[in-house]
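Since the structure comes first, as structure tokens, the remarks are kept for the end.
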Amino acid sequence: MKRRIFLVLFAALACCSLIPLLSAAGAPEAKTRMRERVAAIDRLKIGEFVGENNRGFLEVRKPDKEATAVVAAENQDRATVFSDAAAAAGTTAEAFGRVFAKQISQASKAGVWLQRESGEWYKK
7 MKRRIFLVLF AALACCSLIP LLSAAGAPEA KTRMRERVAA IDRLKIGEFV
57 GENNRGFLEV RKPDKEATAV VAAENQDRAT VFSDAAAAAG TTAEAFGRVF
107 AKQISQASKA GVWLQRESGE WYKK
């Protein structure tokens, strides 16, 4: 049953695209901060300091003061956005984060660390 709900949710999000859901969701301050952080996150990804996990959050891969601070701030804002978007879509923040993770992995550039659903890390 959970798998069926997830597949329906994933199909709905794929058809509607994740971007409109994020744009329609609340937490505009969190989304603004996330946009401002993109360059720093990209730099940390290229340096292999951070990767995208299978739940839609960043994880520190190589300990670094900047990476730790950026990851904490980004994940807090992502949690806010996921929660608001999930409420609007009638699902859970966890399910929304997992769908987000899949879309991030598809859109990620080569060389970025990603986590499969199994928990295994790989470099795209």
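Per my numbering, residue 7 is the first one in the sequence shown, and the count goes up by one each step.
Heads up, the beta-carbon is just placed ideally off N, CA and C, and yes, glycines get one too.
Contact between the region 53-64 and the region 31-42: three or more CB pairs below 8 Å?
With the cut-off at 8 Å, the region 53-64 and the region 31-42 do not touch.
Distance CB(residue 53)-CB(residue 67) smaller than 7 Å:
no
Ignore the nearest five residues each way along the sequence and tell me which others in residue 73's own chain have a CB closer than 7 Å to its CB.
50, 55, 56 and 66
Can you tell me where the alpha helix (DSSP H) with residue 66 in it begins and where it stops?
Careful: residue 66 lies outside any alpha helix (DSSP H), inside the beta strand (DSSP E) at 64-66.
Residue 43 beta carbon less than 7 Å from that of residue 80:
yes
Using the rule of at least 16 other Cβ atoms within 10 Å of the residue's Cβ for burial, across every protein chain shown, is residue 107 buried or exposed?
buried
Rounded to a whole number of angstroms, what is the C-alpha to C-alpha distance between residue 45 and residue 114?
14 Å
In angstroms, rounded to a whole number, what distance separates the CA positions of residue 119 and residue 112?
12 Å
How is residue 129 classed by DSSP in three states: helix, strand or coil?
strand
Alpha carbon to alpha carbon, how far is residue 124 from residue 117? Give it in angstroms, no decimals.
20 Å
Rounded C-alpha distance that separates residue 129 from residue 99
26 Å
Burial state of residue 122 (16 or more Cβ within 10 Å)
exposed
In this structure, does DSSP put residue 56 in helix, strand or coil?
strand
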